[in-house]
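Student: There's a structure below that I have some questions on.
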Amino acid sequence: MQNFITRSSRSWMTWISVSVMIAVLAGCSAARLAYSNGETLSYWWMNSYVDFDSDQKPWVKKEIAALFAWHRKTQLETYIPFLRHAQKRVQGHVGEADLLADYEDAKKRMLLLADQALPQLADLALSLDEEQIAHIEKKFASNNEDYRKDYLRGDLEDRQEFRFKKLRKQVEYWFGNFNREQEKALRIASDRRPLNNELIMASRLQRQKALIAMLKKMHAERPSREQAMGMIKEYIHAALDRFGNPEHKKFFEANRLEMIRIVAGIVNNATPEQKEHFLHATQQWINDFDALAL
Numbered sequence: 001m002q003n004f005i006t007r008s009s010r011s012w013m014t015w016i017s018v019s020v021m022i023a024v025l026a027g028c029s030a031a032r033l034a035y036s037n038g039e040t041l042s043y044w045w046m047n048s049y050v051d052f053d054s055d056q057k058p059w060v061k062k063e064i065a066a067l068f069a070w071h072r073k074t075q076l077e078t079y080i081p082f083l084r085h086a087q088k089r090v091q092g093h094v095g096e097a098d099l100l101a102d103y104e105d106a107k108k109r110m111l112l113l114a115d116q117a118l119p120q121l122a123d124l125a126l127s128l129d130e131e132q133i134a135h136i137e138k139k140f141a142s143n144n145e146d147y148r149k150d151y152l153r154g155d156l157e158d159r160q161e162f163r164f165k166k167l168r169k170q171v172e173y174w175f176g177n178f179n180r181e182q183e184k185a186l187r188i189a190s191d192r193r194p195l196n197n198e199l200i201m202a203s204r205l206q207r208q209k210a211l212i213a214m215l216k217k218m219h220a221e222r223p224s225r226e227q228a229m230g231m232i233k234e235y236i237h238a239a240l241d242r243f244g245n246p247e248h249k250k251f252f253e254a255n256r257l258e259m260i261r262i263v264a265g266i267v268n269n270a271t272p273e274q275k276e277h278f279l280h281a282t283q284q285w286i287n288d289f290d291a292l293a294l
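This is the structure in structure tokens:
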């Protein structure tokens, strides 16, 4: 259920959160295989933004490995009680307050990861040269063009259909196939969510602009490691707060609340077969987490 209502930041500054999402919450059944390849995926993803030089490559790989070791040793086992609780909860009524608590728990986990990675992120940010910062800008521009092609085309109905198909794919992983009436109800609930892809694009651009400005400031002023850590932490919290933009905050909050209502509706209206599917899917994750945890 957590996978329905959490979003990962797209900025490279939260790369470890993305790595964990890839390895742990991506919605595939091979959690053990995905997590085992998480270090390689993390490095590949980061390098696509930064284009590491020969000096950076070895210590970046070393720090990624250390961070994954920390996560494996201290965090994975904490997911198991959450999943077991979800298995029990799916058998009864699930309230929106329960799911809101899940969201806040996921947010705390992401911030914990970010805090753990702050020293390494500061070292990396301080090591970037002008060409690498420009490379990040180009990567952002490329990603934004992809977003425009996927999300800023078509009319309202086209965009709602595109969004609904993504939601249905997530739902079917956890609960299996839906009957016609359930799918109709899910589509109505999906369409009820606020839809403003232009605003999402504006929020992306604001986040990217702030990141590039911070990196350029670090390059020009050469702050200490501790100062750089403070700048990064401030950026992360500002990004989570949508940089204080009231329009953006209102939109994303409304969207989050609608997603919580959708998840509650899915769970509370699931058939016995769908609940059994959920139990089986979550048990696979529990088994993998149990095997992976040190």
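Quick note, the sequence shown lines up with residues 1 to 294 if you use the UniProt record's numbering. Ideal Cβ positions, reconstructed from N, Cα and C, are used throughout, including at glycine.
1) Verify whether the separation of the beta carbon atoms of H93 and N268 is less than 9 angstroms.
2) Going straight from the alpha carbon of M231 to that of Q116, what length do you get?
3) Quick check on residue 321: buried or exposed, where buried means 16 or more other Cβ atoms within 10 Å of its Cβ?
4) Considering only the alpha carbon of each residue, which of A264, A220, L121, V90 lies closest to E226?
5) Under the rule that 16 or more other beta-carbon atoms within 10 Å means buried, what is G244, buried or exposed?
6) Kindly list the residues whose CB is nearer than 6 angstroms to the CB of R148, restricted to its own chain and excluding five residues on each side of it in sequence; keep chain order.
7) Span of the alpha helix (DSSP H) holding P58?
8) Out of A69, Y79, Q91, S48, point me to the one whose CA is closest to F278's CA.
9) Quick one, which of A228, S203, M229 has its alpha-carbon nearest D241's?
10) Can you grab the Cα-Cα spacing for the pair L99 / V263, in whole Å?
11) Since R153 is in the alpha helix (DSSP H), which residue starts that stretch and which ends it?
12) So for F175, helix, strand or coil by DSSP?
13) How many Å lie between Y43 and R187 at the Cα?
14) Within 10 angstroms of its Cβ, does R153 collect 16 or more other Cβ (buried), or is it exposed?
15) Using three-state DSSP, classify H93 as helix, strand or coil.
16) Whole-angstrom Cβ separation of A189 and G95, contact assumed at under 8 angstroms?
17) For T271, name the three-state secondary structure that DSSP assigns.
18) So what does DSSP say about N245, is it helix, strand or coil?
19) Between L199 and F251, is the Cβ-Cβ spacing less than 9 angstroms?
20) I need the boundaries of the alpha helix (DSSP H) containing N197, first residue and last residue.
21) Could you check how far apart the C-beta atoms of P194 and A254 are, in whole angstroms? I think they sit under 8 angstroms.
22) So, for I286: in the same chain, excluding its five sequence neighbours on each side, which residues have a beta-carbon less than 7 angstroms away from its beta-carbon?
23) For H135, tell me which candidate among D102, D51, Y173 has the shortest Cα-Cα distance.
24) Using C-beta distances below 8 angstroms, list every residue in its chain close to D150, excluding the 5 sequence neighbours before and after it, in chain order.
25) Would you check if the distance between the CB atom of E247 and the CB atom of G176 is smaller than 9 angstroms?
26) Could you tell me if residue 306 is buried or exposed, where buried requires 16 or more neighbouring beta carbons within 10 angstroms of its beta carbon?
Tutor: In short:
1) Residue numbering aside, residue 93 sits at position 93 when the sequence shown is read from its first letter. Residue numbering aside, residue 268 sits at position 268 when the sequence shown is read from its first letter. Result yes, Cβ atoms of H93 and N268 sit closer than 9 angstroms.
2) Residue 231 sits at position 231 when you count from the first residue of the sequence shown. Residue 116 sits at position 116 when you count from the first residue of the sequence shown. Answer to the nearest angstrom: the Cα atoms are 15 angstroms apart.
3) A question about residue 321 goes unanswered here, because the residues of the chain that appear run from 1 up to 294.
4) By 1-based counting over the sequence shown, the position of residue 226 is 226. Nearest of A264, A220, L121, V90 to E226, Cα basis: L121.
5) For this step, residue 244 is matched to residue 244 along the sequence shown. Looking at its Cβ environment, which holds fewer than 16 other Cβ atoms inside 10 Å, G244 is exposed.
6) Locating residue 148 in the sequence shown gives position 148, counting from the first residue. Contacts found: none.
7) As a position in the sequence shown, residue 58 is number 58, starting the count at 1. First-last of the alpha helix (DSSP H) with P58: 56–74.
8) Along the sequence shown, one-based indexing puts residue 278 at 278. It is Q91 whose Cα lies nearest to the Cα of F278.
9) Position 241 of the sequence shown, counted from the start, is the residue given in the question as residue 241. Checking every option, the nearest Cα to that of D241 belongs to S203.
10) Counting from one through the sequence shown, the residue named residue 99 turns up at place 99. Counting from one through the sequence shown, the residue named residue 263 turns up at place 263. Distance between the alpha carbons of L99 and V263: 8 angstroms.
11) Position 153 of the sequence shown, counted from the first residue, corresponds to residue 153. Note, R153: premise wrong, no alpha helix (DSSP H); not H, not E.
12) The count along the sequence shown starts at 1 and reaches residue 175 at position 175. DSSP places F175 in helix when its eight states are reduced to three.
13) In the sequence shown, counting from the first residue as 1, residue 43 sits at position 43. In the sequence shown, counting from the first residue as 1, residue 187 sits at position 187. Their Cα atoms are separated by approximately 38 angstroms.
14) Working through the sequence shown from its first residue, we reach residue 153 at position 153. Flag for R153 reads exposed.
15) Walking along the sequence shown from the start, residue 93 turns up at place 93. Correct three-state label for H93: coil.
16) Walking along the sequence shown from the start, residue 189 turns up at place 189. Walking along the sequence shown from the start, residue 95 turns up at place 95. Going by Cβ atoms, the distance from A189 to G95 rounds to 16 angstroms, so no, they are not a contact pair.
17) Locating residue 271 in the sequence shown gives position 271, counting from the first residue. T271: coil per DSSP, three-state reduction.
18) Translated into the one-based positions of the sequence shown, residue 245 becomes position 245. DSSP places N245 in coil when its eight states are reduced to three.
19) Along the sequence shown, one-based indexing puts residue 199 at 199. Along the sequence shown, one-based indexing puts residue 251 at 251. Contact: yes.
20) Numbered from 1 along the sequence shown, position 197 holds the residue referred to as residue 197. From DSSP, the alpha helix (DSSP H) with N197 extends over 197–221.
21) Here residue 194 refers to the residue found at position 194 when the sequence shown is read from its first residue. Here residue 254 refers to the residue found at position 254 when the sequence shown is read from its first residue. The pair is a contact, with the Cβ atoms about 5 angstroms apart (cut-off 8 angstroms).
22) Counting from 1 along the sequence shown, the entry for residue 286 is found at position 286. Shown here for I286: same chain residues with a beta carbon closer than 7 angstroms to its own, the five before and five after excluded, namely I80, L83, R84 in chain order.
23) Translated into positions along the sequence shown, residue 135 becomes position 135. Considering only alpha carbons, the answer is D51.
24) Along the sequence shown, one-based indexing puts residue 150 at 150. Setting aside the 5 residues that flank it on each side, D150 is surrounded in the same chain by F162, each with a C-beta closer than 8 angstroms to its C-beta; the list follows chain order.
25) As a first step, residue 247 must be located in the sequence shown, where it is residue number 247. As a first step, residue 176 must be located in the sequence shown, where it is residue number 176. For E247 and G176, no; Cβs fall outside 9 angstroms.
26) In the structure as shown, the chain begins at 1 and stops at 294. Residue 306 is therefore absent and cannot be evaluated.
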